[in-house]
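Visitor:
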Amino acid sequence: VSAPSKTFSQQGSRESHKASEKFWGWFIVMQVMLVVAFWSATLINANGFNSEALSLLLSFGCFNALCVAVIVTHGIGGRLKHSSYRFYQPFEGGIVFCVLQAISWALFSLSLFFLLMHILVTSANLLQF
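Heads up, the sequence shown is in the numbering used here, so the first residue is 7 and it goes up one at a time.
Here it is, written out as structure tokens:
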């Protein structure tokens with residue numbers, strides 16, 4: 007490989023890395039906006055509107071947002087940030103990474119459990135079981 011083509015290849019690689027970092031920043035911003043939007047709607051529902059239908063709609067939206075966020079974060083975000091990332095990599099990445107993953111998946115499971123319980127209870131109240 008000649009020197010000019012090697013330099014062009016390195017420059018393209020740097021530009022690609024900058025574009026990936028820029029996309030990663032916007033990716034994180036979108037995830038935070040998603041959380042803030044549903045958190046705000048939940049606070050409005052809890053402090054003003056006491057509508058079970060709205061509560062059910064918000065819970066369903068939060069459930070979907072949580073599932074999409076996990077899939078997108080692990081499926082796309084992990085791969086964008088680290089080229090060697092795989093969706094399923096048990097006990098790889100060091101002790102800190104493994105502990106953080108265990109805590110994260112436990113909190114995700116707990117969140118899903120409480121959201122599903124809220125959806126079931128609210129649905130039962132709306133349908134008057």
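All C-beta atoms, glycine included, are put in the ideal place defined by N, C-alpha and C.
Bear in mind that the values here come from a model prediction, so they are computed numbers and not experimental data.
#1: Helix, strand or coil for GLY99? Go by DSSP, reduced to three states.
#2: According to the Cβ coordinates, are LYS75 and LEU64 closer than 8 Å?
#3: Under the assumption that GLY83 contacts PHE33 (Cβ atoms under 8 Å), give the Cβ distance between them as a whole number of angstroms.
#4: Helix, strand or coil: how does DSSP classify PHE44 here?
#5: Nearest-angstrom Cα distance between PHE114 and GLN107?
#6: Just to confirm my understanding: we take LEU122, look at its own chain, exclude 5 residues before and 5 after, and list those with CB closer than 8 Å. What are they?
Guide: Considering the structure as presented:
#1: Looking at GLY99 - three-state DSSP - the assignment turns out to be coil, as it is neither helix nor strand.
#2: For the record, residue 75 in the displayed sequence is Ala; it is not Lys. Not closer than 8 Å, so no.
#3: The pair is a contact, with the Cβ atoms about 6 Å apart (cut-off 8 Å).
#4: Of the three classes helix, strand and coil, the one that applies to PHE44 here is helix, per DSSP.
#5: Spanning the alpha carbons of PHE114 and GLN107 requires a straight line of approximately 10 Å.
#6: Within the same chain, Cβ atoms closer than 8 Å to the Cβ of LEU122 are found at PHE69, the five residues on either side in sequence being excluded.
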